[in-house]
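Going by UniProt numbering, the sequence shown opens with residue 1, and the numbers climb by one from there.
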Amino acid sequence: MPESGNTYKIINHKNGTALDLSGSDGVSVTGWDSHDGDNQKWTLNEEDGLWVIVNVATGKFLAPEGGDEGVNVVGADEPFQWDVRNEGDDEGLWRIFVPHSHLNVDLDSQGEDEIPAGARVQLWGQWAGDNQVWRLEDGMNNHSYS
């Protein structure tokens, strides 16, 4: 599991983009080309077996805009607790779920094989797509966490 209180870049397994909180509106979360900006760094804090994910640049919390499939995942003012689970037997890959749900954080592929930088991040039901699988890189020295 991640270490509580540590800062990570959350990298999509399918296309290598990072979870990026918009610098312009401070709310939109997309998959964007990885860079050293604090808007792509997230601190994971464990609370009672669930995880609160906080953006380093703004202090905003990673949260869904609602509880339905297809809603945006955004930077919110109120904390949200996520269920972070290993993806299969690979210790270095993770899925980020709404607790007690099949909905997880999904880089919107719109059914395409290639996902461009800037794709929105949403909740979607779990399926075998790598666009729902994430790698945690140390936010300080870019080493993968496993």
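Every residue, glycine too, gets a C-beta built ideally from N, C-alpha and C.
Cα atoms of valine 27 and glutamine 40: separation of roughly 13 Å, rounded to the nearest angstrom. Apart from sequence neighbours up to five positions away, the residues of its chain that approach valine 71 with a beta-carbon distance below 7 Å are Pro64, Glu65, Gln122, Leu123, ordered along the chain. One thing to note: alanine 57 has its Cβ within 9 Å of the Cβ of leucine 21. Looking at the DSSP output, asparagine 6 shares a beta bridge with Leu44.
For the set Gly37, Gly16, Gly125, Glu87, the Cα lying nearest the Cα of asparagine 104 is the one of Gly125. DSSP places aspartate 36 in the coil class of the three-state scheme, outside both helix and strand. Three or more Cβ pairs closer than 8 Å define a contact, and the region 110-121 falls short of that threshold against the region 86-98.
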